[in-house]
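A.B. asks: Just so we're aligned, residue 162 is where the sequence shown starts under this note's numbering, counting upward by one.
Note that the Cβ used here is the ideal one computed from N, Cα and C, for glycine as well.
One structure coming up, written as structure tokens, with questions to follow.
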Amino acid sequence: MDSIEKLVPDNLTSLQTHVLAEEAKYPEATGDFSWIISAISLAGKTIANKVRRARLENVLGSHGTENVQGEVQQKLDVIANEVLLRCLGERASIAVLASEEDQEPLILRSGKEGGKYCVLFDPLDGSSNLDVAVGVGTIFTVLRNDPNVKNAEQTVCQTGVQQVAAGYILYGSSTILVLTTGHGVDMFVLDQAIGSFLHVKQGLRIPPGNKTYSVNEAYAEQFPTGYRTYLQWAHEQGYSSRYIGSMVADVHRILMRGGVFLYPSTTKNPGGKLRLLYEANPMAMIIEQAGGLAYSGPQRTLEVVPTELHARVPVLLGSPEEVESVRRFSQE
Ligand code: AHG
Ligand code: MN
Ligand code: MN
């Protein structure tokens, strides 16, 4: 007869158990952080369910509005934003929430009232892919609230190195949550049958030496010369290309398989398209924590000083040697 150990699967650590166990290593931890992650987990499960049922519930397509950045909002952009605001809004340690979909940060409480953290998010990333059932995601980052800073936008305009935690949820063929608190990268998979994110990988490392690039190559004519030369070189070197157009899905593949993800500046978006605070920075922290590199132009993404909540940056991230190959050309 098989022993009990053999019959029970290994990965029965839930996200909540994992975060609580990590917190227990720090005697000064109050448990506030684990409440934030539990809110993100609840929001992620709710959004995953909405995304999967979108066509059945007739919530695909445009909401008929534009966000502050002039982008057409999908119905699910608005729903996912509401879900996150509602789940996180209930957590007593959150001072400020800021979203891609809202012009201004939302002030919940001051430092004196217990507001220790700020949470910034892209509620639904890649939402233009929703109608065709391609993977989309949620990106989030947790920052400390500085009680001395009065203005909410200034409060959240912190450099990426100051992030307390960062992560994303990928609503793909399975629902994946990737999290870093600055001590490596962990991965969880949603077991829909029991409603829990289960821990499947600890200390994720981005694999080296994958000759794959992920870029919207149709914009190549608009890229700086160095990037065009890099692409030409990559073609000659027998590189492969993979691009979905959902940053979460594209970066997740890079994290798991290696390679490089690029969204350079273009003539249409000279400052880049992706947003620094809630797209580039969380991804850069995850990639660096997994042993990779992330740059915005000549600067390490995590050191770029944000000027405003919705600031954009060029993005280059992935396996160190692949990122360095691009940099060799982009600096020529
Ligand atoms: P969002 O749906 O949150 O606005 O983000 C879309 C982003 C990102 O997910 C993706 O990498 C990029 O836009 C794709 O842009 P292009 O269509 O210009 O390639
Ligand atoms: Mn996005
Ligand atoms: Mn979005």
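Helix, strand or coil for residue 289 per DSSP?
C.D. replies: Three-state DSSP puts residue 289 in a helix.
A.B. asks: What first and last residue would you give for the alpha helix (DSSP H) that runs through residue 411?
C.D. replies: Taken as a continuous stretch (DSSP letters only), the alpha helix (DSSP H) holding residue 411 covers 408-418.
A.B. asks: Go ahead and pull the three-state DSSP assignment for residue 316.
C.D. replies: Looking at residue 316 - three-state DSSP - the assignment turns out to be helix.
A.B. asks: According to DSSP, residue 223 sits in a beta bridge with which residue or residues?
C.D. replies: Per DSSP, 235.
A.B. asks: Evaluate contact between the region 252-260 and the region 368-386, counting only Cβ atoms and requiring at least three cross-stretch pairs below 8 Å.
C.D. replies: Touching, no, given that fewer than three Cβ pairs across the two stretches are closer than 8 Å.
A.B. asks: Whose C-alpha, out of 473, 455, 271, is nearest the C-alpha of residue 485?
C.D. replies: It is 455.
A.B. asks: Start and end of the beta strand (DSSP E) containing residue 457?
C.D. replies: Segment 454-457, the beta strand (DSSP E) holding residue 457.
A.B. asks: Could you check what DSSP says for residue 387 in three-state terms: helix, strand or coil?
C.D. replies: The answer is helix: DSSP assigns residue 387 an H, G or I state.
A.B. asks: Indicate whether residue 237 and residue 288 have their beta-carbon atoms separated by less than 8 Å.
C.D. replies: Yes. Within cutoff.
A.B. asks: Got a sec? Which residues, its chain only, sit under 7 Å from residue 428 by beta carbon, not counting five neighbours each side?
C.D. replies: Cβ within range, chain order: 383.
A.B. asks: If you draw a straight line from the C-alpha of residue 252 to the C-alpha of residue 293, how long is it?
C.D. replies: For residue 252 and residue 293, the distance between alpha carbons rounds to 34 Å.
A.B. asks: Going by C-alpha to C-alpha distance, which of 341, 183, 322, 279 sits closest to residue 305?
C.D. replies: Minimum Cα distance to residue 305 is reached at 279.
A.B. asks: Does residue 489 come out as helix, strand or coil in the three-state DSSP assignment?
C.D. replies: Helix, per DSSP.
A.B. asks: Quick check: the region 384-397 against the region 329-346, are there 3 or more CB pairs under 8 Å?
C.D. replies: Flag = no, the region 384-397 and the region 329-346 do not touch.
A.B. asks: Of the choices 230, 482, 272, whose alpha-carbon is the least far from that of residue 310?
C.D. replies: The shortest Cα separation from residue 310 among 230, 482, 272 belongs to 272.
A.B. asks: Can you find a heavy atom of ligand 2 that lies under 7 Å from the Cβ of residue 286?
C.D. replies: For ligand 2, at least one heavy atom lies less than 7 Å from the Cβ of residue 286.
A.B. asks: Could you tell me if residue 436 is buried or exposed, where buried requires 16 or more neighbouring beta carbons within 10 angstroms of its beta carbon?
C.D. replies: Buried, because 16 or more other Cβ atoms sit within 10 Å of the Cβ of residue 436.
A.B. asks: Helix, strand or coil, according to DSSP, for residue 471 in the structure here?
C.D. replies: Of the three classes helix, strand and coil, the one that applies to residue 471 here is coil, per DSSP.
A.B. asks: Label residue 353 either buried or exposed according to how many other C-beta atoms from any shown protein chain fall within 10 Å of its C-beta, with 16 as the threshold for buried.
C.D. replies: Looking at its Cβ environment, which holds fewer than 16 other Cβ atoms inside 10 Å, residue 353 is exposed.
A.B. asks: Between the alpha carbons of residue 173 and residue 181, how many angstroms are there, rounded?
C.D. replies: Near 14 Å, if we compare the C-alpha coordinates of residue 181 and residue 173.
A.B. asks: Looking at the unbroken alpha helix (DSSP H) that takes in residue 328, where does it start and where does it end?
C.D. replies: Unbroken run through residue 328 is the beta strand (DSSP E), 326-332; no alpha helix (DSSP H).
A.B. asks: What does the Cβ neighbour count give for residue 192, buried or exposed, with the cut at 16 atoms within 10 Å?
C.D. replies: Classification for residue 192: exposed.
A.B. asks: Kindly indicate the opening and closing residues of the alpha helix (DSSP H) around residue 448.
C.D. replies: First-last of the alpha helix (DSSP H) with residue 448: 442-450.
A.B. asks: Can you give me the Cβ contacts of residue 380 inside the same chain, cut-off strictly under 7 Å, excluding the 5 residues immediately before and after it?
C.D. replies: So the list reads 427, once near-sequence residues are dropped.
A.B. asks: What are the partner residues of residue 347, as DSSP defines its beta bridges?
C.D. replies: Answer is 340.
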